[in-house]
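Read left to right, the sequence shown gives residues 48 to 531 (the working numbering).
The beta-carbon is built from N, C-alpha and C at its ideal position, and this holds for glycine as well.
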Amino acid sequence: MNYRLLYRLLGMILLIEAGLLFLPLAVALYYGESIGPYIITIALLLLFSSIAILIPQKDKKLYAKEGFVCVGASWILMALFGALPFFISGAIPDYIDAFFECVSGLTTTGASILREVETLPRGILFWRSFTHWIGGMGVLVFMLAIIPADDGRAIYLLRAEVPGPTKGKIVPKIRRTALILYGIYMALTVIMIISLRICKMPWYDSIVNSFATAGTGGFSVKNASIAGYANPAAEWVIGAFMLIFGINFNLLYLIILGKFIDIIKNEELKVYLGILAVAFCIITISTSSSGVSFEQTARQSFFQIASIISTTGFATCDFDLWPFLSKAVLFILMFSGACASSTAGGLKISRIIIIFKNAAREIKHMLRPRSYNVIKFEGEVVDEETVKGCVNYLSIYITIFTLSFLLISHDLDGLSNGFESGITSVAACLNNVGPGFAAVGPSGNYAEYSLFSKIVLSLDMLFGRLEILPMIILVNPQTWKKHL
Numbered sequence: 048m049n050y051r052l053l054y055r056l057l058g059m060i061l062l063i064e065a066g067l068l069f070l071p072l073a074v075a076l077y078y079g080e081s082i083g084p085y086i087i088t089i090a091l092l093l094l095f096s097s098i099a100i101l102i103p104q105k106d107k108k109l110y111a112k113e114g115f116v117c118v119g120a121s122w123i124l125m126a127l128f129g130a131l132p133f134f135i136s137g138a139i140p141d142y143i144d145a146f147f148e149c150v151s152g153l154t155t156t157g158a159s160i161l162r163e164v165e166t167l168p169r170g171i172l173f174w175r176s177f178t179h180w181i182g183g184m185g186v187l188v189f190m191l192a193i194i195p196a197d198d199g200r201a202i203y204l205l206r207a208e209v210p211g212p213t214k215g216k217i218v219p220k221i222r223r224t225a226l227i228l229y230g231i232y233m234a235l236t237v238i239m240i241i242s243l244r245i246c247k248m249p250w251y252d253s254i255v256n257s258f259a260t261a262g263t264g265g266f267s268v269k270n271a272s273i274a275g276y277a278n279p280a281a282e283w284v285i286g287a288f289m290l291i292f293g294i295n296f297n298l299l300y301l302i303i304l305g306k307f308i309d310i311i312k313n314e315e316l317k318v319y320l321g322i323l324a325v326a327f328c329i330i331t332i333s334t335s336s337s338g339v340s341f342e343q344t345a346r347q348s349f350f351q352i353a354s355i356i357s358t359t360g361f362a363t364c365d366f367d368l369w370p371f372l373s374k375a376v377l378f379i380l381m382f383s384g385a386c387a388s389s390t391a392g393g394l395k396i397s398r399i400i401i402i403f404k405n406a407a408r409e410i411k412h413m414l415r416p417r418s419y420n421v422i423k424f425e426g427e428v429v430d431e432e433t434v435k436g437c438v439n440y441l442s443i444y445i446t447i448f449t450l451s452f453l454l455i456s457h458d459l460d461g462l463s464n465g466f467e468s469g470i471t472s473v474a475a476c477l478n479n480v481g482p483g484f485a486a487v488g489p490s491g492n493y494a495e496y497s498l499f500s501k502i503v504l505s506l507d508m509l510f511g512r513l514e515i516l517p518m519i520i521l522v523n524p525q526t527w528k529k530h531l
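Okay, structure coming up:
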C-alpha cells in the first residue's frame, strides 16, 4: 500500500470539500445567517488537508488497490466532515444523525432523519441539497477534471467511483473525460434551474431542487417534498429531468455529437424506456379513480415512477396509500435503478440485462451441454470477466441486504408495519432511493431508528453508491498487509 500517495489524495479531496463549503457560506451570508459552522468546518478541513498534502512522496504510482481504498476512505471522510455544519449549527443536534444525513446527501439517497425542514437556515438547506450534486457525479471525478493526473493510473479512481458493470473513458484522455462528464452535468443542471424558474418556482428553490434532481438525491426544502409547491408544470419538468439524469452519460455525450442512430440502437436505453412505459401503464390504471382527473393521475404516476427508477426519491403524493399492485411495481423499480454511468443508484439496467442473458445461456447449456453460447450486449460480446463480475455483484448484494435487514430487525417492533418498514428501508438505502413504505414512506422518515441502525443504514448507502467493492476492499484486513 502506497500510504503517502493515499494520504495526499485524501488531503486533496478534503481541500476540495473545503472549497465547496464556501458556497453554503455565501448563501448564509446573503440571508444574514450564522457563518460560524462553515468557518469552523473549513478551518478543520484546511488543517487536515494541508498536513496530508505536505507529506513528502517517493512513489507516485497509483494501482487498483490504492484506487479502491482512496474512493472508499474519501467518501467516509467527506461525510464525517460534511456532517459538521449540521451538528455545529444545531440543525441536527446529534452527530450520528448529522452523519446519517450527510451520508444520505453525498450518496444521493435522500433518506432523512429530519421531521421539519422548512424552519432550518437556508445555508444549511443549501449545503444539504448541494451534497447531492457533489455526490451525483463523484468528487474524485471532479478532482480528475481539475487536477492533471497520469491517465494510466487515474483510470483506477474513475473505475472505482463511476457506477456500472463496465467503466471506461469517453475519450482517450482521462482528464478530458472527467471534464466532459462534469460539463454535461453542469449544463443540464443550469438548464433545469432555468426551466423551474420559468415554471415560477423561486430562484433559491429552483437551485436546490435542481441540485437534488441532478444528483438523483431527493432532499427537498419543503416538508411535503415537491407536493409542497402545488405546481403541476414544475412536476413535469422535475420528472423529465429525473429520467434524463438516469440515462448513461456516454449517451448524453453522443447526443452532443449528433450520433442519434447509436442512441436509438442502444440496448440499455430501450430496456430503460420499456420498463418506464410498462410501469406507467400499470400504475396509471391501478391508481385511476373517478374523483381525480386523468392528467393528475398520469402526472403523479409519471413523477413517482421517474423518482423511484432514477432513485431520486422526490414525492408529489403519498404513494404508500396506493393500491398494492402499484406499490409492488415501485418496490421492484427500487432494485432495478436506471442506467449505468448515470447519477442513479440500484443494480443498474445494464447489469440486470447481463445477468438475465447469463441465466438464459446457462439454461441453453443445460439443454445442449456441448453448445457454446456467448453473451452480447450493445452488439458486442461481453467478456466472461464482466459476466462473472455481474453475478458476483448480485451475490454480495443479496448477502449485504440480508445481513442489514437482520441487524436493524431489533428496531422493527416499535415501528408501524415493522416488517414492511424494515425491508423497504434497507432496499431504499442500499439502492440509494431514500423513501420506502410505512414508517419510512414519503410522509415518514428514519428518525425512529436507533443509532446502531442508522450506522448500518449509512453503510448501506455507501455500499450502494460505491457499488460494494471499494467499501469491502477498504475494510478487508488483507488490503492492509504489507506483503500485498
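Determine the closest residue to residue i out of the options, with distance taken between C-alpha atoms.
| i | options | result |
| --- | --- | --- |
| C149 | S176, L167, V164 | S176 |
| K374 | T331, A406, S388 | T331 |
| T155 | V237, I410, F307, M289 | M289 |
| C386 | I291, V339, I470, R415 | I291 |
| L513 | R162, L76, C117 | C117 |
| L509 | L498, I447, D141, I98 | I447 |
| S505 | G481, S456, H457, P168 | G481 |
| N537 | G305, T166, I86 | Past the boundaries of the shown model lies residue 537; the chain is included only from 48 to 531, so the question cannot be answered. |
| G363 | E427, P279, L320, V325 | In the sequence as displayed, the identity of residue 363 is Thr instead of Gly. Among E427, P279, L320, V325, the Cα nearest to that of T363 belongs to P279. |
| S272 | A158, G305, I329 | A158 |
| L380 | S490, L243, L323 | L323 |
| G436 | F361, I240, S397 | S397 |
| G461 | S490, I443, A494 | A494 |
| P249 | A281, L226, L235 | A281 |
| S490 | D365, N405, V429, R408 | D365 |
| L52 | L228, Y232, E113 | E113 |
| A287 | L243, Y78, Y50 | L243 |
| N405 | V255, V376, Q525, N439 | N439 |
| D507 | P524, G275, Y54, L450 | L450 |
| R55 | K105, L76, L414, L299 | K105 |
What residue range is occupied by the uninterrupted alpha helix (DSSP H) comprising residue i?
| i | result |
| --- | --- |
| F95 | 83-100 |
| M413 | 396-414 |
| I280 | Sequence inspection shows Ala at residue 280; the Ile mentioned does not correspond to that position. Looking at the DSSP string, the run of the alpha helix (DSSP H) that includes A280 is 279-292. |
| R51 | 50-67 |
| A387 | No alpha helix (DSSP H) contains A387, which DSSP labels as neither H nor E. |
| M508 | 498-512 |
| L243 | 221-245 |
| F518 | In the sequence under discussion, the amino acid at residue 518 is Met, which differs from the Phe named in the question. Its alpha helix (DSSP H) spans residues 516-522. |
| D252 | 250-261 |
| T344 | 341-356 |
Residues in the same chain with beta-carbon distance under 6 angstroms from residue i, minus the five sequence neighbours each way, listed in chain order, please.
| i | result |
| --- | --- |
| G511 | G392, L477, N478, N479 |
| A485 | S463, N464, E467, S468 |
| S359 | A small correction: the amino acid at residue 359 is Thr; Ser does not occupy that position in the sequence shown. Same-chain partners within the cutoff: T263, G265, M289. |
| S335 | T344 |
| G58 | S96, A99, I100 |
| L301 | D309, I310 |
Return the chain-ordered list of same chain residues with a C-beta closer than 8 angstroms to the C-beta of residue i, the five sequence neighbours on each side being excluded.
| i | result |
| --- | --- |
| I400 | E314, E315, V318, F424 |
| I143 | L498, K501, I502 |
| L67 | F177, I181 |
| P71 | Y85, P132, G170, I171, F173, W174, F177 |
Measure how close the beta-carbons of residue i and residue j come, nearest whole angstrom, since I'm counting them as under 8 angstroms.
| i | j | result |
| --- | --- | --- |
| T260 | I285 | 6 angstroms |
| G119 | M518 | 5 angstroms |
| R162 | N492 | 6 angstroms |
| M48 | W527 | 6 angstroms |
| Y496 | I455 | 7 angstroms |
| G483 | A474 | 6 angstroms |
| N297 | S388 | 6 angstroms |
| G426 | I356 | With 8 angstroms as the limit, G426 and I356 do not qualify as a contact, their Cβ atoms being about 24 angstroms apart. |
| V188 | A225 | 5 angstroms |
I'd like to confirm something about residue i: is its beta-carbon nearer than 8 angstroms to some heavy atom of the ligand MG, or not?
| i | result |
| --- | --- |
| E342 | Absence of the ligand MG is noted for the structure shown, with no ligands found whatsoever. |
Please return the same chain residues whose Cβ sits closer than 7 angstroms to the Cβ of residue i, not counting the five positions on each side in sequence.
| i | result |
| --- | --- |
| F133 | I139, A145, E148, C149, I171 |
| F327 | S348, F349, I352 |
| A65 | I89, L92, L93, S96 |
| A126 | F146, C149, V150, L153 |
| F452 | G469, I470, V473 |
| D458 | Y496, S497, S500 |
| W122 | L153, L509, L513 |
| E80 | P168, R169, G170 |
| F128 | L61, E64, T88, L91, L92 |
| V74 | R169, G170, F173 |
| W283 | R346 |
Length-filtered (4 minimum) alpha helix (DSSP H) runs lying within the segment 105-176: 111-129, 131-136, 142-153
Secondary structure, beta strand (DSSP E): runs of 3+ residues fully inside the segment 290-328: none
Please give me, in chain order, every unbroken run of the alpha helix (DSSP H) with length at least 4 that falls completely inside the segment 446-502. 465-477
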